[in-house]
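Single-structure report; data block below.
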């Protein structure tokens with residue numbers, strides 16, 4: 098299962114991907130206030146991933162705030178030889194995701210927001226599809242939720258009280 102990262106020290110080897118920058122507006126009495134929102138995913142390429150969403154008056158400030166939030170929200174994901182442990186189907190709001198492990202050499206076959214998450218977490222081979230939404234924030238959130246719910250064979254074997262070889266079949 099996934100674990101929340103406890104120490105918030107700077108990690109220089111983090112991979113950062115900017116998923117989306119958007120101009121947002123707020124109608125006020127004197128007219129319209131414009132701001133920028135940024136969605137960022139951060140990972141170490143070896144099983145840790147986090148995402149952040151932030152708004153600010155300027156684009157670089159929004160990106161920096163999103164990076165800081167992403168680094169604070171990092172979680173650990175258990176991978177299996179550069180791919181997923183098992184196929185996953187998950188629904189979160191309108192987002193309906195299906196992800197399955199792929200053989201070595203397949204590459205990352207996934208849409209834009211999901212591809213960014215897989216690249217920073219360190220997944221090299223995966224087949225993935227998202228139906229129901231094109232909202233990048235919801236796709237990123239659902240992808241990370243699916244990765245956190247993925248169980249390793251050791252965890253399943255311990256939970257069932259069986260040997261790992263029995264679980265793997």
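In the numbering used here, the protein residues as written are 98 to 266. The C-beta atom is built at its ideal place from N, Cα and C for all residues, glycine as well. Every value quoted in this text rests on a predicted model; they were computed, and no experiment measured them.
List the whole-angstrom C-beta distance separating residue i from residue j, where the pair is believed to meet the contact cut-off of C-beta under 8 Å.
i	j	result
residue 144	residue 174	5 Å
residue 236	residue 138	That belief does not hold up - the Cβ atoms of residue 236 and residue 138 are roughly 11 Å apart, past 8 Å.
residue 206	residue 223	7 Å
residue 156	residue 125	Rounded, the Cβ-Cβ distance is 21 Å, inconsistent with contact.
Check residue i in the structure and name its three-state DSSP category.
i	result
residue 143	coil
residue 188	strand
residue 234	helix
residue 245	helix
residue 255	helix
residue 198	strand
residue 265	helix
residue 203	coil
residue 216	helix
Is there a C-beta anywhere in chain C that falls below 8 Å from the one on residue i?
i	result
residue 176	No chain C appears in the structure shown, which is made up of a single protein chain.
Beta carbon of residue i, beta carbon of residue j: below 8 Å?
i	j	result
residue 78	residue 182	As displayed, the chain neither begins before 98 nor continues past 266, which places residue 78 out of reach and without an answer.
residue 112	residue 140	yes
residue 131	residue 122	yes
residue 244	residue 146	yes
residue 142	residue 217	yes
residue 187	residue 239	yes
residue 195	residue 226	yes
residue 199	residue 180	yes
In chain order, what residues of the same chain lie with their CB nearer than 6 Å to the CB of residue i, ignoring the 5 residues before and after it?
i	result
residue 193	228, 229
residue 191	229, 230
residue 203	222
Ignore the nearest five residues each way along the sequence and tell me which others in residue i's own chain have a CB closer than 7 Å to its CB.
i	result
residue 234	136, 150
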